[in-house]
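Visitor: Count along the sequence shown from 1, then add 5; that gives the number in our numbering.
Quick one: this structure, given as structure tokens, is what I'll be asking you about.
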Amino acid sequence: MSAAAAPASDAPDAPKKKSKKLLFIIIGVLVLGLAGAGGAFFIMKKNAAAAEGADEEEEAPAKVTKVDPKSAPTFLPMDNMVVNLADPGGNRFIQVGLTLQLQDAATGEAVKAFMPSIRSQILMLLSQRTADEVLQVQGKEKLSTDIIAAVSETMGYPVPEAEDEAADAKPKKKRKKVEPSPVQAVLFSSFIVQ
6 MSAAAAPASD
16 APDAPKKKSK
26 KLLFIIIGVL
36 VLGLAGAGGA
46 FFIMKKNAAA
56 AEGADEEEEA
66 PAKVTKVDPK
76 SAPTFLPMDN
86 MVVNLADPGG
96 NRFIQVGLTL
106 QLQDAATGEA
116 VKAFMPSIRS
126 QILMLLSQRT
136 ADEVLQVQGK
146 EKLSTDIIAA
156 VSETMGYPVP
166 EAEDEAADAK
176 PKKKRKKVEP
186 SPVQAVLFSS
196 FIVQ
């Protein structure tokens with residue numbers, strides 16, 4: 006019976022080994038699942054924190070450079086213009102890109118309403134200049150002053166007088182307080198003469 010007793014004793018050990026293996030496999034899968042879930046949670050939390058940090062970094066410079074909207078100028082770029090200059094022979098021309106510096110956004114909307122007339126006035130001013138005039142710094146400054154006057158006149162504002170002309174014309178009279186021009190400056194973004 007010794008031979009018969011040996012197979013009977015092996016039978017109960019086999020189910021215990023299978024159940025232990027199954028238990029270890031289940032525990033291993035659970036541990037791996039929890040570790041995966043924990044890793045995914047960690048990565049998602051890290052990405053969320055990085056996104057919040059990026060938002061704060063983007064907002065920080067905006068707060069530092071924030072300017073009072075009442076005093077901040079508005080810039081209105083105009084399309085490039087090409088005009089023949091008043092040189093003898095008419096073979097010289099100028100290509101100019103302008104940006105108007107305005108008081109505020111409301112003024113920008115008003116200027117846009119008058120844009121066809123303003124553009125026409127600027128083209129007329131440019132066509133009266135020679136290449137020698139516009140290539141000099143004083144010529145560019147005079148052109149800028151003339152453009153401001155043309156925009157003011159087109160929009161119904163009083164035309165600003167030159168300082169020395171006003172002083173010579175009315176030395177003893179008090180000057181009336183004049184409403185300022187809507188254009189604070191004319192900025193040249195491109196200036197090509199050929």
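By construction, the Cβ of each residue, glycine as well, lies at the ideal position given by its N, Cα and C atoms.
These numbers come from a predicted model, not from an experiment.
Could you give the distance in angstroms between the alpha-carbon of residue 196 and the alpha-carbon of residue 115?
Guide: Using only the alpha carbons, I get a separation of about 26 Å.
Visitor: Where does the unbroken alpha helix (DSSP H) through residue 125 begin, and where does it stop?
Guide: 120 to 132 is the extent of the alpha helix (DSSP H) around residue 125.
Visitor: Nearest to residue 129 by alpha carbon, out of 191, 143, 155, 95?
Guide: Measuring from the Cα of residue 129, the nearest candidate turns out to be 155.
Visitor: When the cut-off is 8 Å and only beta carbons count, does residue 160 lie next to chain C?
Guide: The structure shown has no chain C; it contains just one protein chain.
Visitor: Please state if the CB of residue 107 and the CB of residue 164 are separated by a distance shorter than 8 Å.
Guide: Contact: no.
Visitor: Should the stretch 109 to 123 be regarded as contacting the stretch 138 to 146, the criterion being three or more beta carbon pairs within less than 8 Å?
Guide: No contact exists between the stretch 109 to 123 and the stretch 138 to 146.
Visitor: Please classify residue 101 as buried or exposed, where buried requires at least 16 neighbouring CB atoms within 10 angstroms.
Guide: With 16 or more other Cβ atoms within 10 Å, it is buried.
Visitor: If you run the structure through DSSP and keep just helix, strand and coil, what is residue 157?
Guide: Residue state, collapsed to three classes: helix.
Visitor: Let me confirm a value: residue 34 is counted as buried when at least 16 other C-beta atoms fall within 10 Å, else exposed. Which label applies?
Guide: Exposed, by the Cβ-count rule.
Visitor: Closest to residue 191 by C-alpha separation, out of 162, 157, 198, would be which residue?
Guide: Selected option, being the one with the closest Cα: 157.
Visitor: Touch check for the stretch 88 to 101 and the stretch 46 to 55: three-plus C-beta pairs under 8 Å?
Guide: With the cut-off at 8 Å, the stretch 88 to 101 and the stretch 46 to 55 do not touch.
Visitor: Run through the DSSP bridge pairs and tell me what residue 102 is partnered with.
Guide: Note: residue 102 sits in a beta bridge opposite 195.
Visitor: Anyone know if the C-beta pair for residue 132 and residue 91 falls short of 8 Å?
Guide: Yes.
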